[in-house]
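Novice: If you scroll down you'll find the structure; I have some questions about it.
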Amino acid sequence: MRHDLVTLFAGVFALLLAASLAGSVLSRRRASGEPSELVDTLNARIKAWWWMTLALAIASALGTGGVIVLFAFISFLCLREYVSIAYTRRTDHWALALAFFFFLPLQYVLVGWRWFEVYVVLIPVYGFLTLPAFAALSSDTTRYFERAAKVLAALVTCVYCVSYVPALMTLRIAGFEDGGLLLIAWLVLVVQVSDLLQHVWGRLFGRHPVAPALSPTRTLEGVTGGVMSAGVLGAVLSWLTPFSVAQAAGVAVVCAIMGSFGSVAWLAVKRDRGIRDWGTILERHGGMLDRLDSVIFAAPVYFHVLYLGWHK
Amino acid sequence: MDSVRLSKETLVADAICGLARLLTGARALWRGTAPSAVPRIYYANHTSHFDFVLIWAALPEELRVRTRPVAGADYWNATPLRRWLVHEVLRGVVIERVKSEGSGSPVEQMVAALDHGDSLILFPEGTRNMTDDLLLPFRSGIYNVVAARPDVECVPVWSENLNRVMPKGEVVPIPLLCALSFGEPVRMTPGEDKDVFLARLRDALLALAPPRN
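Sequence lines, in order, name chains U and P. Quick note on the numbering used here: the first sequence kicks off at 1 and runs consecutively. Quick note on the numbering used here: the second sequence kicks off at 1 and runs consecutively.
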């Protein structure tokens, strides 16, 4: 493992330890006072970050293959969650089976082979053009348009977009060889911190909800504060990336904005299906998509920026 | 010899439980009761061949080894592999759904298992439900078993989403989150009428089904 990567993981673990301590102090103090949704949110996130960091650390110790397998498994869990709440019919069985057992593994095998020309089009071209036909062959046209669209949306978000995270390791950047894991770490840190700080800024200064019907706590002030803070963090961590300090700030802002698009779009999906969190679909189940919605939306754009500007 | 055989079956059983968890999460929600080692009848809605494995996998291990699914002989005795799975791995109580010469009475087989200290997993609908109705009418087998052993508690178990994992006739399962809700146990009152008892069982099970949208 690279030296700077070890430093990074050590730093993140120290931060998590501090956060866990702070979290437990907060919830103990709260036990005597009034309940606080903010403290609960914070503690849930800290717990998720421990798992995320641990999984990433173990996978990176195993090298590129480990990271690819880890994200393939994450895709599997996301897709399982997504399909669980989508309306499908028995006649969608084969389209779904292909999504899980053909397109998902093949996408990650292609990423592992670094076959860029194929993995960027596998799902948007070949998946898009074949899966609706499988659903149509069943001759069941009840809500057909909607069902076909949902299977594709699930595949694009949970498999295609997630696979861009390990695909970062396949980029070739001058003077930045074997730095793929650092690119991943930077993205995850920037987007996760932006997520959390949007919440915190919103609590402190929030006045104007961006979409009152979706969430009264998601405010313009919160989103702006979170995105700007992410820009600052990105710049501070620019040593993890091939970017200059100014470039890092700019790319971090773009990633944070994409991340909040992800959160708000999936919030709408959850409201549409009448659930509060993916994690509450079936009490204590899942919750993978709650934590990863912003990373899923930011990763492809981040990859694209790097590919256009730095890949050789 | 015996211990070698035992470990192979345990291994397969663990693999089946692991697979069930990977595919469905196999989450047990103990809503109306807590896990208990007392012999009980877990009765559930029946939507796929897989749901009996799922209920079995969702039970805590110390209960699982003492819980026997009640399975139809026509399906489970049809091939050597299924026969081995149901008898040796799942330790099922295999009953003839159609009356035939020479086979023991299903009720006697189930009562014998309860007397031996084992719990049962039972699907009172008798066959997999392919309709849009939540439940098919209950058969009388469960009444006859409880009439013979009136102390036994019947625990309703609602399995949600499982009909989508493996619809009838499909061989490839789709991974989806499933939840199993264990409800409040139902006991037979002395001299209770068959139809009244079956209706109470049915209501207790339906009460666990989440609202439809």
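Think of the CB as a built atom: it goes at the ideal place given N, C-alpha and C, for glycine as much as any other residue. Keep in mind the model is a prediction, meaning the values are calculated, not measured.
Rounded to the nearest angstrom, what separates residue 58(P) and residue 180(P) at their Cα positions?
Specialist: For the purposes of this step, residue 58(P) is taken as the residue at position 58 of the second sequence. For the purposes of this step, residue 180(P) is taken as the residue at position 180 of the second sequence. Rounded to the nearest whole angstrom, the C-alpha separation of residue 58(P) and residue 180(P) is 8 angstroms.
Novice: Listed from N- to C-terminal order along the chain, which residues in the region 164-176 of chain P have their beta-carbon within a distance smaller than 7 angstroms of any beta-carbon of chain U?
Specialist: 164, 167, 170, 172, 174, 175, 176
Novice: So, for residue 146(P): in the same chain, excluding its five sequence neighbours on each side, which residues have a beta-carbon less than 8 angstroms away from its beta-carbon?
Specialist: Here residue 146(P) is taken as the residue at index 146 of the second sequence, counted from 1. These residues qualify, in order along the chain: 41, 152, 154, 188, 197.
Novice: Residues of chain U with CB closer than 7 angstroms to the CB of residue 161(P), please, in chain order.
Specialist: As a first step, residue 161(P) is located in the second sequence; it is residue number 161 there, counting from the start. Going along chain U in sequence order, the residues near residue 161(P) (Cβ under 7 angstroms) are 84.
Novice: Just reading off the alpha helix (DSSP H) that residue 114(P) is part of, what are its end residues?
Specialist: Stepping through the second sequence from its first residue, residue 114(P) is reached at position 114. 106-115 is the extent of the alpha helix (DSSP H) around residue 114(P).
Novice: Please list the terminal residues of the continuous beta strand (DSSP E) segment that includes residue 75(P).
Specialist: Taking the second sequence and counting its residues from 1, one reaches residue 75(P) at position 75. No beta strand (DSSP E) holds residue 75(P); the alpha helix (DSSP H) holding it covers 73-76.
Novice: Apply the 10 Å Cβ neighbour rule to residue 116(P) and answer buried if 16 or more other Cβ atoms are within range, or exposed otherwise.
Specialist: In the second sequence, residue 116(P) corresponds to position 116, counting from 1. When all chains shown are included, residue 116(P) counts as exposed.
Novice: Just verifying my parser: in three-state terms, what is the DSSP assignment at residue 36(P)?
Specialist: Position 36 of the second sequence, counting from 1, holds the residue named residue 36(P). Residue 36(P) falls in the coil class under three-state DSSP.
Novice: Between 155(U), 133(U), 156(U), which has its C-alpha nearest residue 145(U)'s C-alpha?
Specialist: As a position in the first sequence, residue 145(U) is number 145, starting the count at 1. Ranking the options by Cα distance to residue 145(U), first place goes to 133(U).
Novice: Alpha carbon to alpha carbon, what distance is there between residue 136(U) and residue 216(U)?
Specialist: Residue 216(U) sits at position 216 when you count from the first residue of the first sequence. Residue 136(U) sits at position 136 when you count from the first residue of the first sequence. Rounded to whole angstroms, residue 216(U) to residue 136(U) spans 41 angstroms at the Cα level.
Novice: Spell out whether any CB of chain P is found under 8 angstroms from the CB atom of residue 81(U).
Specialist: Within the first sequence, numbered from 1, the residue matching residue 81(U) stands at position 81. It does: the Cβ of residue 81(U) has a partner Cβ on chain P nearer than 8 angstroms.
Novice: Answer with yes or no whether the minimum CB distance from residue 97(U) to chain P is below 8 angstroms.
Specialist: As a working mapping, residue 97(U) is identified with position 97 in the first sequence. Judged by the 8 angstroms Cβ criterion, residue 97(U) is in contact with chain P.
Novice: Could you have a look at residue 255(U) and say whether DSSP puts it in helix, strand or coil?
Specialist: What you label residue 255(U) is simply residue 255 of the first sequence in a count that begins at 1. DSSP places residue 255(U) in helix when its eight states are reduced to three.
Novice: Pull up the distance between the alpha-carbon of residue 256(U) and that of residue 180(U), whole angstroms please.
Specialist: Along the first sequence, one-based indexing puts residue 256(U) at 256. Along the first sequence, one-based indexing puts residue 180(U) at 180. Approximately 20 angstroms between the Cα atoms of the pair.
Novice: Going by alpha carbons, who is nearest to residue 106(U) out of 86(U), 83(U), 287(U), 73(U)?
Specialist: Locating residue 106(U) in the first sequence gives position 106, where the first residue counts as 1. It is 73(U) whose Cα lies nearest to the Cα of residue 106(U).
Novice: On the CB-based measure, 16 or more other CB atoms within 10 Å of its CB, does residue 172(U) come out buried or exposed?
Specialist: The sequence position of residue 172(U) within the first sequence is 172, counting from 1. Burial call: exposed.
Novice: Helix or strand or just coil, what does DSSP make of residue 138(U)?
Specialist: Taking the first sequence and counting its residues from 1, one reaches residue 138(U) at position 138. Coil, per DSSP.
Novice: Measuring alpha carbon to alpha carbon, tell me which residue in 166(P), 9(P), 149(P) is nearest residue 54(P).
Specialist: Here residue 54(P) corresponds to residue number 54 of the second sequence, with the count starting at 1. Considering only alpha carbons, the answer is 166(P).
Novice: Taking the DSSP output, what are the residues bridged to residue 42(P)?
Specialist: As a working note, residue 42(P) is residue 42 in the second sequence. Residue 42(P) is bridged to 121(P), 155(P).
Novice: So which residues on chain P does residue 93(U) lean against when the C-beta distance must stay under 8 angstroms?
Specialist: As a working note, residue 93(U) is residue 93 in the first sequence. Within 8 angstroms Cβ-Cβ: 167, 170, 172, 174.
Novice: Using beta carbons (cut-off 8 angstroms, strictly below), is residue 143(U) in contact with chain P?
Specialist: Position 143 of the first sequence holds residue 143(U). Closer than 8 angstroms: no.
Novice: Using a Cβ-Cβ cutoff of 8 angstroms, what residues of the region 68-79 of chain U are near chain P? List them in chain order.
Specialist: 76, 79
Novice: Assess contact between the region 110-129 of chain P and the region 137-145 of chain P, defined as three or more Cβ pairs (one per stretch) separated by less than 8 angstroms. Is contact present?
Specialist: yes
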